[in-house]
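Okay, structure first, notes after.
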Amino acid sequence: MQQNLNYVYPPIFLMDRAGQEAAAPAANMVPTWVSLPPPAKQPQRRCRRSCITTVLVFLLFLILCALGLGAYQILRMHGELAQLKQAVDSEHQTPVLQKQVGLLETLAERREIKRIAHLTVLNVTRGSKMLLWEPEKDVSFTDGVSYEDGSLLINETGHYFVYSRVRLRGAHCPSPPEFTHTVSRRNQHSKPRTLLQGHKVGFCLGDRSWSSSSYLGAVLRLRRLDRVFVSVSDPQLVSLDHYSTFFGLYKV
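Here the sequence shown stands for residues 1 to 252, numbered as in the UniProt record's numbering.
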């Protein structure tokens, strides 16, 4: 076989099936080499698939954990609601049981009702030494205690702090200079009874203007329907200022 040196490209020998040398290609033909594709990278694909599978399994695990935690919280809340309902039912049942065994207190005993009153002087009854009071004006008020005809009506038996202050004043000193201040009690079945009393003497001198005061206060046991009132020996000496002459009580 002889090579043709007139070709620019490396010679290519073409063989037919019979093993004979084929004719040389034309001069204008460009030879082409067929290159095979690179081999597939199978290990990288397998690694990528394995990573994706791991991530999916981990996400599925997280979802299952979240569902389990939510179910636990729901069961816990159901348990707490059941305990609360049981406690409320027991509270409703307790008064019924106590009433059956006689341990239930009355509504009046369970409720803390205030028993208090503060009265300011209003006027003096003519022909009487008992003072009259204003129950609702300015700083005056009554709560749990009634006011009737110059007296405080007790609605519940108990211990009360009773107080009374009277201011005295005048342009001339009375003769003799004596004054009695009394807090008394009466009810339907007994005569008036003195609870507190103050006696003042020598509180003024001569014809000059003067002023003085008398204060009484103590804790006393009063019964239901008792009437507590204030009287003085000379009502004309009493100042009608609401801030200086007053009367009141409260339950202790």
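Each residue gets a CB set at the ideal place from its N, CA and C atoms; glycine is no exception.
Around the beta-carbon of I154, 16 or more other beta-carbon atoms lie within 10 Å, marking it buried. In the DSSP assignment, G158 falls within the unbroken beta strand (DSSP E) covering 158 to 170.
Taking C-beta atoms as the reference points, H159 and R221 count as a pair closer than 8 Å. With distances taken between CA atoms, S209 lies nearest to L237 out of V219, L237, G198. Looking only at V232, R167, S233, C204, the smallest Cα-Cα distance to D241 is reached by R167.
Contact check for V183 against L216 passes: the beta carbons are separated by less than 8 Å. Cβ-Cβ distances below 6 Å link S213 to R167 in the same chain, with the five nearest sequence neighbours on each side left out; the list follows chain order. Non-local beta-carbon contacts of T157 in its own chain, meaning distances under 6 Å to residues more than five positions away in sequence, involve R223, R224 in chain order. Between D138 and I116 the beta-carbon gap is near 16 Å, outside 8 Å, which marks them as no contact. With fewer than 16 other Cβ atoms from the protein chains shown falling within 10 Å of its own Cβ, R193 counts as exposed.
Residue environment for C204: buried (at least 16 other C-beta atoms within 10 angstroms of its C-beta).
By the CB criterion at 8 Å, D149 and H172 fall outside the cutoff. For Q197, the uninterrupted beta strand (DSSP E) segment begins and ends at 190 to 201. The DSSP-derived three-state label of E136 is coil. Shown here for V232: same chain residues with a beta carbon closer than 8 Å to its own, the five before and five after excluded, namely K129, L131, V166, F179, T180, H181, T182, V238 in chain order.
For K251, the enclosing beta strand (DSSP E) begins and ends at 246 to 251. Excluding residues up to 5 positions away in sequence, M130, G150, S151, S184 lie with their Cβ nearer than 7 Å to the Cβ of F229 in the same chain. The DSSP-derived three-state label of G217 is strand. Rounded to whole angstroms, the gap between the alpha carbons of S50 and K85 is 53 Å. For D143, the uninterrupted beta strand (DSSP E) segment begins and ends at 141 to 143. Within the same chain, Cβ atoms closer than 7 Å to the Cβ of H118 are found at V139, S140, F141, F246, G248, the five residues on either side in sequence being excluded.
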